[in-house]
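A.B. asks: Chains as they are written, first to last, in this note's numbering: chain A, 22 to 291; chain B, 7 to 298. Where a beta carbon is used, it is the ideal one built from N, C-alpha and C, also for glycine. As the structure is a computational prediction, the values presented were derived from the model and not from experiment. What follows is a structure written as structure tokens; I'll ask about it next.
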Amino acid sequence: MNEEIITPALEVHDLTVAFDRKPVLWNIDLKLPEGKLVGIIGPNGAGKSTLIKAVMGLLPLSSGYVKLFDHPIDEVRKKISYVPQRESVDWDFPASVLDVVLMGRYGKLGLFRRPRKADYDVALDCLKKVGMEAYINRQISQLSGGQQQRTFLARALAQQADIYFMDEPFAGVDAATEKAIISLLRTMTEAKKTVIVVHHDLQSVTQYFDWVLLLNTRLIACGPTATTFTQQNLQETYGGKLTLLSDVGDLIRREHFPNREGVIKQPKTI
Amino acid sequence: MNDLYIIITASLVASSCALLGCYLILRKMAMVGDAISHAVLPGIVIAFLISGSRDSMTMLIGAGLIGILTTFLIEFLHKKARLQTDASIGVTFTWLFAIGVVLISLFAGKVDLDQDCVLYGEIAYVPLDTLIIGNQSIGPRALYIMGMILTAIILFIVFGYKELFLTTFDPAYATAIGISTTLWHYLLMGAVSATTVASFESVGAILVVALLIAPAATAYLLTDNLKWMLVFACIAGVAASVTGYYIAVWLDGSIAGAIAMMAGIIFIIAMLFSPTHGIFTKKFSRTAAADS
Ligand SMILES: Nc1ncnc2c1ncn2[C@@H]1O[C@H](COP(=O)(O)OP(=O)(O)O)[C@@H](O)[C@H]1O
Ligand SMILES: [Mg+2]
Chain A
22 MNEEIITPAL EVHDLTVAFD RKPVLWNIDL KLPEGKLVGI IGPNGAGKST
72 LIKAVMGLLP LSSGYVKLFD HPIDEVRKKI SYVPQRESVD WDFPASVLDV
122 VLMGRYGKLG LFRRPRKADY DVALDCLKKV GMEAYINRQI SQLSGGQQQR
172 TFLARALAQQ ADIYFMDEPF AGVDAATEKA IISLLRTMTE AKKTVIVVHH
222 DLQSVTQYFD WVLLLNTRLI ACGPTATTFT QQNLQETYGG KLTLLSDVGD
272 LIRREHFPNR EGVIKQPKTI
Chain B
7 MNDLYIIITA SLVASSCALL GCYLILRKMA MVGDAISHAV LPGIVIAFLI
57 SGSRDSMTML IGAGLIGILT TFLIEFLHKK ARLQTDASIG VTFTWLFAIG
107 VVLISLFAGK VDLDQDCVLY GEIAYVPLDT LIIGNQSIGP RALYIMGMIL
157 TAIILFIVFG YKELFLTTFD PAYATAIGIS TTLWHYLLMG AVSATTVASF
207 ESVGAILVVA LLIAPAATAY LLTDNLKWML VFACIAGVAA SVTGYYIAVW
257 LDGSIAGAIA MMAGIIFIIA MLFSPTHGIF TKKFSRTAAA DS
């Protein structure tokens with residue numbers, strides 16, 4: 022886990038974020054390598070969304086700094102893409118699927134320029150990649166949760182960025198689509214893109230991610246999945262909420278986890 | 007001719023307000039329009055005291071600045087003092103409006119301005135105040151001012167369409183990809199302030215509030231496409247102006263009041279009969295579905 026990362030895609034140093042003086046993230050220090058599929062894992066309220074928002078400069082930092090590709094964030098905005106949590110926008114907004122995906126091109130277009138044919142082509146291509154080509158002109162208010170999520174994903178893809186931050190992109194997506202999206206993300210990391218995904222389904226972590234980042238206000242661990250996604254780290258991350266931890270240990274080895282509901286509903290005491 | 011002047015001026019005000027109103031509604035900031043239209047009062051008075059006349063650009067700029075100050079105060083109270091948005095809006099605009107009222111009463115002798123005129127306006131006087139170039143009267147001043155305001159707003163929306171669209175729909179994403187949400191927020195609020203001030207003489211602050219919200223709300227019910235929403239809002243605003251004017255003439259009542267009333271009635275009609283959201287339409291299609 023201590024292997025040296027020569028050219029980190031993301032470097033976070035001594036980051037603290039507080040709301041009302043109550044720290045939500047405390048003293049986070051980490052480096053993520055380029056070209057990896059990274060999972061951010063932690064219980065509800067652990068600060069996962071806050072971490073990616075802080076990294077992208079959407080929230081004021083109490084202390085610390087963030088570098089992307091060795092630059093301050095504002096110098097590399099064109100290389101960054103973001104998939105917000107689906108509930109963060111109003112889906113009754115008067116817009117079509119294509120309108121939303123074209124937003125992914127706005128950063129490259131700059132002020133006053135309208136999307137051109139090339140931008141439409143990219144948008145359509147990205148909609149195909151997420152299997153939404155049949156819904157191009159559909160109003161976003163008429164989409165299912167999974168379709169909304171795929172629209173957001175297509176918008177992020179249309180940016181052709183170098184690093185992607187995705188906040189729970191699998192929430193409300195069916196299993197088949199989830200698999201399809203993961204293989205899409207794989208082809209992106211093979212092309213040296215860095216993809217950072219907030220994820221909360223422990224079952225699939227070892228299958229999906231090259232790296233994991235275990236978070237619960239503090240950074241518990243960050244490193245390659247094989248060496249970092251361990252029983253001890255999980256216990257530290259979830260505290261008393263994960264019971265039957267010895268069984269979990271067996272399951273990690275077998276890559277088979279109890280489902281999330283089963284985990285959460287356990288009483289706090291062991 | 008005077009009829010036509012009044013109707014055209016009202017339509018220009020209505021269209022300007024309707025266009026901006028679409029963005030206010032989509033940003034869930036309808037009440038901010040209300041707040042600004044009241045809060046600009048001290049700006050108007052101060053600018054009036056400094057410049058000594060009503061028709062100067064100072065007035066527009068003064069009120070525009072106060073509008074931006076209002077926006078800033080609302081944000082500040084919400085973010086730093088952790089007040090609810092509606093509470094911070096309420097505190098800010100009543101306070102600024104009160105300052106305006108105090109200023110007017112203090113300088114009552116020097117200022118040819120009173121609350122009534124600011125709040126209710128008098129559109130019937132529009133044709134009396136004409137713009138004179140050389141020795142030739144070329145039509146009401148309000149007509150030219152509102153024409154310029156509407157042109158400026160249309161240019162703002164045409165050139166800033168992408169940015170307004172994105173910062174309204176998904177501000178966090180806009181910031182992430184490097185489009186300043188704050189900048190576009192303040193530009194929009196500046197435009198609302200300028201429009202309010204330019205309109206207050208002719209139609210009054212109360213009608214501005216009605217025209218900022220009702221036509222845009224009507225259009226929101228009629229379409230799922232932002233461009234059409236902007237167009238429908240203008241149509242609803244112009245329709246309210248024209249019908250309102252003739253109703254006022256017929257009843258021999260307040261023109262501004264009749265226009266505000268018609269804006270409300272057009273909204274109710276849309277609410278009942280909108281093809282997608284209409285109460286009757288839904289009921290009817292449900293019965294039709296049950297029958298088949
Ligand atoms: N804007 C905010 N104001 C105050 N507290 C917040 C805000 N956003 C998040 N929090 C708090 O920060 C903590 C972490 O939130 P979040 O990052 O959304 O968690 P996660 O995404 O891991 O579920 C939670 O306790 C939440 O209540
Ligand atoms: Mg979250």
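On a CA-only basis, which of A:Cys147, A:Thr215, A:Pro105 is nearest lysine 74 of chain A? Give me that one, please.
C.D. replies: It is A:Pro105 whose Cα lies nearest to the Cα of lysine 74 of chain A.
A.B. asks: State the Cα-Cα distance for the pair isoleucine 27 of chain A and leucine 223 of chain A, rounded to the nearest angstrom.
C.D. replies: Each residue's Cα considered, the two are about 29 Å apart.
A.B. asks: Could you tell me whether the region 177-195 of chain A touches the region 118-138 of chain A, where touching means 3 or more Cβ pairs closer than 8 Å?
C.D. replies: Contact between the region 177-195 of chain A and the region 118-138 of chain A is present, because at least three Cβ pairs lie under 8 Å.
A.B. asks: Where do the N-terminal and C-terminal ends of the alpha helix (DSSP H) with alanine 93 of chain B fall, by residue?
C.D. replies: 91-112 is the span of the alpha helix (DSSP H), which, as asked, contains alanine 93 of chain B.
A.B. asks: CB of glutamine 170 of chain A to nearest heavy atom of ligand 2: below 8 Å?
C.D. replies: It does not: the Cβ of glutamine 170 of chain A is nowhere closer than 8 Å to a heavy atom of ligand 2.
A.B. asks: Counting only Cβ pairs nearer than 7 Å, list the residues of chain B close to methionine 209 of chain A.
C.D. replies: In chain order: nothing, as chain B lies at least about 17 Å away.
A.B. asks: Any heavy atom of ligand 2 closer than 8 Å to the beta-carbon of aspartate 222 of chain A?
C.D. replies: No.
A.B. asks: What are the start and end residues of each continuous alpha helix (DSSP H) run of 4 or more residues lying completely inside the region 135-203 of chain A, in chain order?
C.D. replies: Counting only runs of 4 or more, we get 138-150, 166-179.
A.B. asks: Using alpha carbons as the reference points, say which of A:Phe90, A:Phe230, A:Phe114, A:Lys52 lies closest to glutamine 160 of chain A.
C.D. replies: Nearest C-alpha to glutamine 160 of chain A: A:Phe114.
A.B. asks: I'd like to check one pair, valine 118 of chain A with methionine 153 of chain A: are the Cβ atoms closer than 9 Å?
C.D. replies: Yes, the Cβ-Cβ distance between methionine 153 of chain A and valine 118 of chain A is below 9 Å.
A.B. asks: Establish whether the CB of phenylalanine 90 of chain A and some CB of chain B are separated by less than 9 Å.
C.D. replies: It does not: the Cβ of phenylalanine 90 of chain A has no partner Cβ on chain B nearer than 9 Å.
A.B. asks: Use the C-beta contact count for alanine 155 of chain A: other C-beta atoms within 10 angstroms, 16 or more gives buried, fewer gives exposed.
C.D. replies: Flag for alanine 155 of chain A reads exposed.
A.B. asks: Checking the sheet assignment: what are the DSSP bridge partners for tryptophan 232 of chain A?
C.D. replies: BP columns for tryptophan 232 of chain A point to A:Val59, A:Pro245.
A.B. asks: Once you ignore the five residues that flank alanine 225 of chain B on each side, which residues in its own chain have a CB closer than 7 Å to its CB?
C.D. replies: So the list reads Cys28, Met235, Phe238, Ala239, Ala242, once near-sequence residues are dropped.
A.B. asks: Excluding the 5 residues preceding and the 5 following arginine 33 of chain B in the sequence, name in chain order all residues of the same chain whose CB lies nearer than 6 Å to its CB.
C.D. replies: Around arginine 33 of chain B: Thr174.
A.B. asks: Are there 16 or more other CB atoms within 10 angstroms of the CB of leucine 161 of chain B, so buried, or fewer, so exposed?
C.D. replies: Exposed, since its Cβ has fewer than 16 Cβ neighbours within 10 Å.
A.B. asks: Give a single yes or no on whether glycine 193 of chain A has its beta carbon closer than 8 Å to a heavy atom of ligand 1.
C.D. replies: Incorrect: glycine 193 of chain A has no Cβ contact closer than 8 Å to ligand 1.
A.B. asks: Which residues in the same chain as glycine 263 of chain B place their Cβ atom closer than 6 Å to its Cβ, once the five residues preceding and following it in sequence are excluded?
C.D. replies: There are no such residues.
A.B. asks: Report back the beta-carbon spacing between glycine 128 of chain A and arginine 171 of chain A to the nearest angstrom; my notes put them in contact at under 8 Å.
C.D. replies: Going by Cβ atoms, the distance from glycine 128 of chain A to arginine 171 of chain A rounds to 21 Å, so no, they are not a contact pair.
A.B. asks: Output yes if chain A places a C-beta closer than 9 Å to the C-beta of threonine 174 of chain B; else output no.
C.D. replies: True, the Cβ-Cβ gap to chain A drops below 9 Å.
A.B. asks: Which value, in whole angstroms, describes the spacing of the CA atoms of leucine 47 of chain B and threonine 100 of chain B?
C.D. replies: Cα to Cα, leucine 47 of chain B sits roughly 11 Å from threonine 100 of chain B.
A.B. asks: Comparing alpha-carbon positions, which option in B:Met268, B:Thr91, B:Phe273, B:Ser260 lies nearest valine 248 of chain B?
C.D. replies: Taking only the C-alpha atoms, the option nearest valine 248 of chain B is B:Met268.
A.B. asks: If you measure from the CB of aspartate 146 of chain A, is any heavy atom of ligand 1 nearer than 8 Å?
C.D. replies: No - ligand 1 has no heavy atom lying nearer than 8 Å to the Cβ of aspartate 146 of chain A.
A.B. asks: Less than 8 Å between the CB of valine 218 of chain A and some heavy atom of ligand 2, yes or no?
C.D. replies: Valine 218 of chain A Cβ: outside cutoff for every heavy atom of ligand 2.
A.B. asks: Do threonine 227 of chain A and proline 64 of chain A have their C-beta atoms within less than 9 Å of each other?
C.D. replies: Taking 9 Å as the Cβ cut-off, threonine 227 of chain A and proline 64 of chain A do not qualify as a contacting pair.
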